[in-house]
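Visitor: So the sequence shown is numbered by the numbering used here: it starts at 1359 and just counts up by one.
Heads up, the beta-carbon is just placed ideally off N, CA and C, and yes, glycines get one too.
Quantities reported herein were computed from a predicted structural model and do not represent experimental measurements.
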Amino acid sequence: MSIQVQGRVQALYGVYAANEALSAVQTQERYRPEAPRKDAVVLSEEGRTFGEILNRLKADNDKVREDKVGLYEERIAAGDYYVAGRDIAAKMLDQRI
């Protein structure tokens, strides 16, 4: 008695090979890297206002009179610079109003 398995083995091998190919595709899909997400920054109205003020201050920084600053630095270092407390208080009150 002879057993004919040749045809069945080929059929089983075909099923096995198809399953392997499907498994490989599923594995690739499962581990496919996602496209990088793009970051976005959204500023609040308060943040935009702050940025505008900061830019204006930076622009005004160019208007500093270096000659006057140097003069006062020298006077302060030498101990010749004195401002009365009343003058400071008056300036503070003027700016408050």
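Under 7 Å between the Cβ atoms of R1433 and Y1440?
Guide: Cβ atoms of R1433 and Y1440: not closer than 7 Å.
Visitor: Give me, in chain order, the residues of the same chain whose beta-carbon lies closer than 8 Å to that of D1445; leave out the 5 immediate sequence neighbours on both sides.
Guide: The answer is none, since no qualifying residue turns up.
Visitor: Where does V1427 fall in DSSP's three states?
Guide: Residue state, collapsed to three classes: helix.
Visitor: Any idea what DSSP makes of D1445, helix, strand or coil?
Guide: Three-state DSSP puts D1445 in a helix.
Visitor: Expressed to the nearest angstrom, what Euclidean distance is found between the alpha-carbon atoms of G1437 and A1448?
Guide: The straight-line gap from Cα to Cα measures roughly 23 Å.
Visitor: Return the CA-CA distance between Y1430 and T1407, expressed in angstroms with no decimal places.
Guide: Near 33 Å, if we compare the C-alpha coordinates of T1407 and Y1430.
Visitor: Near E1404, what residues of its chain come up, given a Cβ to Cβ distance below 6 Å and the 5 sequence neighbours on each side ignored?
Guide: No residues qualify anywhere along the chain.
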